[in-house]
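Peer 1: Quick note: to get this note's numbering, add 121 to the position in the sequence shown (first position is 1). Sharing a structure with you now.
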Amino acid sequence: MGIISEAQRAFPQAKIPHEEEYYRTVIAACAEIYKGEPPWTYVKRSGLYGKGERRMSMLGGAKVLCDSLAALTFSSQADIYCADHRQQELVERVLQDNGFWENMPSFFSRAYALGGGALKVFIDGDIGIDYISADSFIPVGGFCGSIKEGIFRSRFYKGGEAFTLFERQGADGSGIFTDRALFSSRDGYLGEQIPVETMFDGLSEHSEYDICEPLFGYFRPAGANNLSDETMLGLSCFANCTDTLKALDIAFDSFSREFVLGRKRIIVPSSCIRTVVDPDTGRISRYFDTDDEVYQALKCDEEKDLKISDNTCELRVSEHVDAINALLDILCFQTGLSSGTLSFSTSGGLKTAAEVKSMETRTEITMQQNRCLAAELIESTVKSIIRCGMLCGEIPKGDISVRVAFSDRQTVDKGEIIDQNVRLVSAGLKSRLSAVMAVLDCSEEDALAEIERIKKEEKV
């Protein structure tokens with residue numbers, strides 16, 4: 122039973138979109154690839170005695186891609202500004218208590234893999250934040266591309282038993298409502314429905330809030346969903362790149378097996394081969410004893426017939442690395458990244474945000490789009506926290522004014538900073554004082570003191 126069927130059972134009166142096929146063929150398939158279990162994981166064994174299947178050596182390109190996109194999107198904490206200082210203090214405390222900044226990189230990585238994710242703010246004594254992935258969220262209603270009503274699925278364990286909680290949140294004209302349905306779970310299937318109050322003290326199956334906006338926000342990766350025109354969900358960043366991901370795993374598997382197939386081999390004369398018979402099966406096996414350390418009497422007329430030749434093949438390391446890098450460049454092209462953003466060699470690698478920004482590349486354009494969407498998600502979450510604080514009486518009711526901004530705080534290579542400042546000073550385009558301040562990251566007073574010490578040392 123899929124999430125659509127389960128949600129329909131939880132809320133029979135709700136108008137839930139019929140998207141079971143999309144969740145199964147797109148989201149579930151992308152989730153398996155992200156976890157490292159794509160359909161091409163196992164291949165047939167080859168060779169004379171090869172039977173059954175073997176697991177390929179996997180590069181894990183999907184996970185690397187999603188983590189890289191998440192790092193470029195959320196490389197550092199966003200700056201959050203609230204007009205009211207009491208709202209600011211509440212937001213900072215709630216985000217800190219819920220490990221917001223620690224959980225967001227993982228949230229964005231999974232959101233890129235599955236096509237989105239939701240942040241749901243709730244009140245359970247204190248204000249909390251739920252991190253919901255796309256496979257546990259159903260958009261039910263929206264306006265102009267903005268999702269205003271949704272169904273959330275949460276699984277948890279209590280007393281050694283599994284439970285599944287469904288929550289439907291939306292607007293009814295007078296405010297926001299939340300409907301809940303709790304089920305026991307066994308082997309991934311829904312069991313009997315259980316009253317919500319029996320598991321959660323003070324929580325009812327229906328709640329109403331005197332606020333005008335839903336207490337959740339949804340993040341969709343930038344880009345159109347070409348696999349479904351009807352869904353309000355986003356699309357996985359690698360949904361259209363599965364052929365490239367498969368080719369990457371094939372190339373990496375070949376690279377790994379190169380060290381097995383290319384191990385040392387020798388050619389020995391037939392007279393050095395021994396024959397043994399298995400007493401149980403009667404099977405005859407021929408082998409060359411590499412541990413033999415005694416002289417043997419062999420029937421041979423020519424000395425050349427006793428020569429053992431080395432037949433070891435040369436490892437094709439550079440060819441495999443070049444092939445994998447070429448496929449990574451194709452993957453970058455398919456996902457809106459610049460060539461070389463992902464690299465298998467030590468000379469490349471993920472570029473810093475400062476390097477990307479300086480080049481006006483496809484990567485910067487793509488990440489600017491995603492950062493705008495991420496800022497909207499964080500702003501929506503912060504506003505929901507403030508509304509919950511007003512409902513709880515932690516802060517007085519009033520206007521809400523929030524601004525979220527990302528700053529480029531990626532670490533830049535120190536050697537690059539030094540070289541750049543040396544060139545600018547040599548060309549007469551920058552003063553020594555400014556250069557020392559930039560290289561040592563110090564104040565003007567400390568930089569002047571350092572310059573004086575340098576002058577004294579030069580006189581010695």
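Where is the CB? At the ideal position from N, CA and C, for every residue including glycine.
1. Should I575 go down as buried or exposed, given a rule of 16 or more other Cβ atoms within 10 Å for buried?
2. Please work out which residues of its chain come closer than 8 Å, Cβ to Cβ, to V557, disregarding the five sequence neighbours upstream and downstream, and give them in chain order.
3. Is the stretch 328–338 touching the stretch 490–506 in the sense that three or more CB pairs, one from each, lie closer than 8 Å?
4. State yes or no: is the C-beta of A191 within less than 8 Å of the C-beta of Y163?
5. Tell me which same chain residues have a C-beta within less than 6 Å of the C-beta of E313, skipping the five on either side of it?
6. Quick one: grab the DSSP three-state call for F228.
7. Where do the ends of the alpha helix (DSSP H) carrying V381 lie?
8. At the level of alpha carbons, what is the spacing between C493 and S189?
9. In chain order, what residues of the same chain have a beta carbon less than 7 Å from the beta carbon of P133, not counting five sequence neighbours either side?
10. Taking only the alpha-carbon atoms, compute the straight-line gap between E515 and E565 and give it to the nearest angstrom.
11. Counting C-beta neighbours from all protein chains within 10 Å, is the total for V261 16 or more, i.e. buried, or is it exposed?
12. Where do the N-terminal and C-terminal ends of the beta strand (DSSP E) with D567 fall, by residue?
13. Just how far apart, CA to CA, sit S439 and R378?
14. Would you be able to state if there are at least three C-beta pairs under 8 Å between the stretch 124–133 and the stretch 287–304?
15. Does the stretch 341–356 touch the stretch 221–228, meaning 3 or more C-beta pairs lie closer than 8 Å?
16. Got a sec? Which residues, its chain only, sit under 7 Å from S178 by beta carbon, not counting five neighbours each side?
17. By a C-beta neighbour count over all protein chains shown, 10 Å radius and 16 as the cutoff for buried, is L382 buried or exposed?
18. Looking at C-alpha atoms only, which residue of Y310, E213 and G182 is the closest neighbour of I371?
19. What number of angstroms, rounded off, separates the C-alpha of V543 from the C-alpha of T482?
Peer 2: From the atom records:
1. Residue mapping note: residue 575 aligns to position 454 of the sequence shown, counting from 1. Classification of I575: exposed, given that the 10 Å Cβ count is below 16.
2. Taking the sequence shown and counting its residues from 1, the one referred to as residue 557 is at position 436. Answer for V557: C563, A568, E571 and I572, listed in chain order.
3. yes
4. Here residue 191 corresponds to residue number 70 of the sequence shown, with the count starting at 1. Here residue 163 corresponds to residue number 42 of the sequence shown, with the count starting at 1. At least 8 Å separates the beta-carbon of A191 from that of Y163.
5. As a working note, residue 313 is residue 192 in the sequence shown. Answer for E313: S305, listed in chain order.
6. Walking along the sequence shown from the start, residue 228 turns up at place 107. Correct three-state label for F228: helix.
7. Walking along the sequence shown from the start, residue 381 turns up at place 260. First-last of the alpha helix (DSSP H) with V381: T363 to L382.
8. One-based indexing of the sequence shown puts residue 493 at position 372. One-based indexing of the sequence shown puts residue 189 at position 68. The straight-line gap from Cα to Cα measures roughly 17 Å.
9. Taking the sequence shown and counting its residues from 1, one reaches residue 133 at position 12. Excluding five sequence positions before and after P133, none of the CB atoms of its chain fall closer than 7 Å to its own CB.
10. Taking the sequence shown and counting its residues from 1, one reaches residue 515 at position 394. Taking the sequence shown and counting its residues from 1, one reaches residue 565 at position 444. Each residue's alpha carbon lies about 44 Å from the other.
11. Translated into positions along the sequence shown, residue 261 becomes position 140. Buried, since its Cβ has 16 or more Cβ neighbours within 10 Å.
12. As a position in the sequence shown, residue 567 is number 446, starting the count at 1. Where D567 is concerned, there is no enclosing beta strand (DSSP E), although the alpha helix (DSSP H) it sits in stretches over E565 to K580.
13. For this step, residue 439 is matched to residue 318 along the sequence shown. For this step, residue 378 is matched to residue 257 along the sequence shown. The straight-line gap from Cα to Cα measures roughly 14 Å.
14. yes
15. no
16. Numbered from its first residue, the sequence shown carries residue 178 at position 57. Cβ within range, chain order: F373, D374 and S377.
17. If you number the sequence shown from 1, residue 382 lands on position 261. Exposed, since its Cβ has fewer than 16 Cβ neighbours within 10 Å.
18. Here the question's residue 371 lines up with position 250 in the sequence shown. Here the closest residue by C-alpha is G182.
19. For the purposes of this step, residue 543 is taken as the residue at position 422 of the sequence shown. For the purposes of this step, residue 482 is taken as the residue at position 361 of the sequence shown. The straight-line gap from Cα to Cα measures roughly 27 Å.
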